[in-house]
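Presented below is the structure to which this report refers.
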Amino acid sequence: MYSARDRVENERWLNRIERGADRLELGADARSFAADLFLSEAPDADRSKPAVAAASLYAGALIAGEERSQSRVADAMDVSRLSVQQHWKPVLEAAGFQPPSW
């Protein structure tokens, strides 16, 4: 879990997730899941946060049933597709989900 302080300290990244969700036309559930996933796994290093934010948005969309391609999420979040590919499964696993095997 995360604290209210975590939300304040990561407001910049939560706003970035919101902007990416806007670009992808994702609903409220996907946005909420993405924010929760990010805050639960937010790395300490700022250089890692863009990739984890993008992976959280991808995973949040999957959970909400609003799947978008890794490439579209990467473009919306201004990261490489490889960043999304490398981080989304660990984000889901850390939250207690079993990622699909495809």
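According to this note's numbering, the sequence shown holds residues -18 to 83 in order.
Where a beta carbon is used, it is the ideal one built from N, C-alpha and C, also for glycine.
Please specify which runs of the alpha helix (DSSP H), each continuous and at least 4 residues long, are wholly inside the segment 31 to 81, giving them in chain order. 51 to 58, 62 to 75
Helix, strand or coil for Asp27 per DSSP? On the sequence shown, position 46 is the one that residue 27 refers to. Asp27 falls in the helix class under three-state DSSP.
Rounded to whole angstroms, what's the CA-CA distance from Ala15 to Leu38? Just pull it up for me. In the sequence shown, the residue the question calls residue 15 occupies position 34. In the sequence shown, the residue the question calls residue 38 occupies position 57. Their Cα atoms are separated by approximately 5 Å.
C-beta contact flag for Val65 and Ala57 at 8 Å: Position 84 of the sequence shown holds residue 65. Position 76 of the sequence shown holds residue 57. No.
Using only CA atoms, which one of Lys30, Ala9, Glu74 lies nearest to Glu(-8)? On the sequence shown, residue -8 is found 11 positions in, with the first residue counted as 1. When each option's Cα is compared against that of Glu(-8), the closest is Lys30.
Could you give the DSSP three-state label for Trp(-6): helix, strand or coil? Taking the first residue of the sequence shown as 1, we reach residue -6 at position 13. DSSP places Trp(-6) in helix when its eight states are reduced to three.
Would you check if there are 3 or more beta carbon pairs closer than 8 Å linking the segment 65 to 74 to the segment 6 to 14? no
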